[in-house]
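In our numbering, the protein residues as written are 50 to 556.
Shown next, in the form of structure tokens:
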């Protein structure tokens, strides 16, 4: 067995870190009958997954600054499966073939009561995912499940954990996750943290150690906790003092002739009789001939649930008292004229027309007064959901919202200076030419400034981060062959087609 350097290459390579909870028998035994209490109703059937976004990634010997007013964090000791190759719909027989190795991880979390809902505020503060510097190069899941994790705080033993206690072992976890979303080379899938992990406080020194059965130390991670304040965190993260430039351009991105090109809309040349786009070198293409990409290289993708009061009523829920935020991985996105698969066993799959806000500058602890200064521009998104897989309101279920190509976005990024008032835009969706959804951004429960204030109070927002702001009422079931057009006044018109589960999407 050998080790190779890992450290912060994950962040530079834009790998995504996914985590899972409720994946060890000890946790389930300690929670016990509460798994069936309201509002949870029953133990989850699918893996309960979450994301650790780019702002959380940290290295060995990190000094982690706690969020303002926080005094303790839970130290979740786990390992991450590092992907050696793209992985989709794996089987137990081939799961090990996509494993590059494993990395020791301290997954920090603010203490919280809800064991079913890894909330963004508690799980995604800056620096809260501390990765070991070395990747352990073995592809044998059987060997890994003989390892032991040890957590020490200030030199004292705080917890021991056997990796042989998993509910879903490593092959099963890879199979269940890759069934609905593609994992990319360099992604990391955490195998799970224990419920009510040991707590540590300000100035505490924490060491995680990973041991083989012969007591040989395979890896270690060290970190220290520092007190947080608004000014300290702004200094630490290097927030840029100037707002994002308020340009007035409209542009998109396509893949054409083996390269990525930026394009802009042009008036319809009479000889083409179609909506056209212009490349930087002056060439003109028909819009529907291009392979469209998301209009920006995406950073962290935030999504809002129940952010229109009429949509909450439509689903028989009360509008939330604070933003109901969840995260999406990059493989969920697809471009204009893309295709989205409907699972063969789905009975209710619906669109969601949403205004997407793209962040243009690093943003931390932003005031409402200056929130728009950090917006680069706006685009259109269609955030499909498969409601069959929504076990209940409280469970973050990536099977519902993070399937491959389930979120068409684009075609254009309309820069902020070209949008007079993003809170007074008409939205609409049509299915096969029939309008089925209408709304206005003025009906959001939490408007754009409120969302930026809220998210930047939790974590550092970065250029390219995308906020999907929610959808109004008017949802209908869509089936293979349907053409769905989501449109937002002054922003654009986004076209997507539903295909069967056995189809290979064109984009």
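All residues carry an ideal CB built from backbone N, CA and C; glycine is no exception.
Predicted, not measured: the structure shown is a model, and the values here were computed from it.
Does DSSP put residue i in a helix, in a strand, or in coil?
| i | result |
| --- | --- |
| residue 498 | helix |
| residue 437 | helix |
| residue 537 | strand |
| residue 163 | coil |
| residue 374 | strand |
| residue 410 | coil |
| residue 143 | coil |
| residue 258 | strand |
| residue 284 | Only weak support exists for where residue 284 lies, its pLDDT of 39 falling under 50; the value from the coordinates is given anyway. Helix. |
| residue 337 | helix |
| residue 242 | coil |
| residue 105 | helix |
| residue 63 | coil |
| residue 467 | helix |
| residue 192 | helix |
| residue 401 | coil |
| residue 447 | helix |
| residue 522 | coil |
| residue 380 | helix |
| residue 442 | Model confidence at residue 442 stands at a pLDDT of 48, short of 50, so the residue's coordinates are unreliable and nothing is read from them. |
| residue 479 | strand |
| residue 474 | coil |
Pull up the CB-CB distance for residue i and residue j, whole angstroms please, since I reckon it's below 8 Å.
| i | j | result |
| --- | --- | --- |
| residue 132 | residue 235 | 6 Å |
| residue 374 | residue 249 | Contact doesn't hold; Cβ gap of about 26 Å is too wide. |
| residue 130 | residue 259 | Contact doesn't hold; Cβ gap of about 14 Å is too wide. |
| residue 208 | residue 269 | That pair is no contact at about 15 Å. |
| residue 472 | residue 104 | Their Cβ separation, rounded to whole angstroms, is 26 Å, which puts residue 472 and residue 104 out of contact at 8 Å. |
| residue 359 | residue 498 | Their Cβ separation, rounded to whole angstroms, is 21 Å, which puts residue 359 and residue 498 out of contact at 8 Å. |
| residue 500 | residue 515 | The pair is not a contact, with the Cβ atoms about 12 Å apart (cut-off 8 Å). |
| residue 150 | residue 186 | 4 Å |
Should residue i go down as buried or exposed, given a rule of 16 or more other Cβ atoms within 10 Å for buried?
| i | result |
| --- | --- |
| residue 94 | exposed |
| residue 416 | exposed |
| residue 484 | exposed |
| residue 64 | buried |
| residue 537 | buried |
| residue 118 | exposed |
| residue 543 | buried |
| residue 266 | exposed |
| residue 464 | buried |
| residue 528 | exposed |
| residue 309 | exposed |
| residue 371 | exposed |
Over what stretch of residues does the alpha helix (DSSP H) that includes residue i continue unbroken?
| i | result |
| --- | --- |
| residue 223 | 219 to 227 |
| residue 169 | 169 to 172 |
| residue 210 | Per DSSP, residue 210 belongs to no alpha helix (DSSP H); it is in the beta strand (DSSP E), 205 to 211. |
| residue 86 | Where residue 86 is concerned, there is no enclosing alpha helix (DSSP H), given that its DSSP letter is neither H nor E. |
| residue 74 | 74 to 80 |
Taking residue i as the reference, give the member of the options with the closest Cα.
| i | options | result |
| --- | --- | --- |
| residue 217 | 197, 159, 547 and 69 | 69 |
| residue 545 | 127, 312, 207 and 343 | 343 |
| residue 305 | 274, 277 and 337 | 337 |
| residue 511 | 171, 351 and 255 | 351 |
| residue 462 | 433, 273, 475 and 426 | 426 |
| residue 380 | 372, 403 and 349 | 349 |
| residue 399 | 411, 409, 432 and 424 | 432 |
| residue 504 | 114, 227, 169 and 385 | 169 |
| residue 393 | 549, 79, 493 and 496 | 549 |
| residue 539 | 527, 466 and 520 | 466 |
| residue 552 | 276, 246, 454 and 199 | 454 |
| residue 204 | 273, 154 and 543 | 273 |
| residue 404 | 335, 495 and 340 | 495 |
| residue 148 | 460, 222, 124 and 299 | 222 |
| residue 311 | 329, 357 and 243 | 329 |
| residue 233 | 387, 134, 98 and 185 | 134 |
| residue 199 | 246, 302, 226 and 527 | 246 |
| residue 316 | 303, 307, 334 and 309 | 334 |
| residue 422 | 193, 253 and 502 | 502 |
| residue 174 | 191, 180 and 156 | 156 |
From which residue to which residue does the beta strand (DSSP E) around residue i run?
| i | result |
| --- | --- |
| residue 460 | 456 to 464 |
| residue 313 | 308 to 315 |
| residue 248 | 248 to 250 |
| residue 156 | 148 to 158 |
| residue 115 | It is not in any beta strand (DSSP E) - residue 115 carries neither H nor E in the DSSP assignment. |
| residue 391 | 387 to 391 |
| residue 430 | 424 to 431 |
| residue 269 | 266 to 275 |
| residue 197 | 197 to 202 |
| residue 328 | 325 to 328 |
| residue 302 | 299 to 305 |
| residue 184 | 178 to 186 |
| residue 129 | 121 to 132 |
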